[in-house]
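Q: Please see the structure below; I have some questions.
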Amino acid sequence: MPRNPSYQVTEYVDRPYEKFSRSDLAVDRPGAELLMTCNDALARGAIEAGVRVAACYPGAPVTYVLEALAAAARTFPEMHVEWSANEKVSYEVALGAAMGGARSIAVMKDVGLGWILDPLLSST
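In this text, residue positions in the sequence shown follow our numbering: the first is 241, and each later residue adds one.
What follows is the structure in structure tokens.
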């Protein structure tokens, strides 16, 4: 099947709200290509991995990952997406969800790793 890259770009730009439709996230579509940002790709990977809880402390560039997950949560109401008070809280939210059996993700910048060292070392 020949690809038409300009059509794919136009299709995405005209309907960005459809980037997290259920048919879009089908895992069993090998070879399917989508135009998306790195942040959207991280969010899509989290969704395809079955993440149900996502937490983040806002700050560029990770803000856009959680915004993409929040947009996806409108399609997947079983997802919980939240802004946390700091990186430590976002890690603890994700850790608590994981301990409860839910797949989770804590999105943070590299400087946020300093905030999570105590709970990270205590939880391993």
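The C-beta atom is built at its ideal place from N, Cα and C for all residues, glycine as well.
(1) Excluding the five sequence neighbours on either side, which residues of its own chain have a C-beta within less than 6 Å of the C-beta of Ala286, listed in chain order?
(2) Taking C-alpha atoms, which residue in Asp350, Thr315, Ser363 lies nearest to Val333?
(3) List the whole-angstrom C-beta distance separating Arg343 from Ala300, where the pair is believed to meet the contact cut-off of C-beta under 8 Å.
(4) Reducing DSSP to helix, strand and coil, say where Glu288 ends up.
(5) Which residues in the same chain have their Cβ closer than 8 Å to the Cβ of His229, if we skip the five residues on either side of it in sequence?
A: The answer reads as follows:
(1) What you label residue 286 is simply residue 46 of the sequence shown in a count that begins at 1. Contacts found: Ile345.
(2) Sequence index remark: in the sequence shown, residue 333 carries index 93 (1-based). Answer by Cα proximity: Ser363.
(3) Taking the first residue of the sequence shown as 1, we reach residue 343 at position 103. Taking the first residue of the sequence shown as 1, we reach residue 300 at position 60. Going by Cβ atoms, the distance from Arg343 to Ala300 rounds to 25 Å, so no, they are not a contact pair.
(4) Your numbering for residue 288 matches position 48 in the sequence shown. If DSSP states are grouped into helix, strand and coil, Glu288 belongs with the helices.
(5) Look at the range of the chain in this structure, 241 to 364, and you will see that residue 229 is not part of it.
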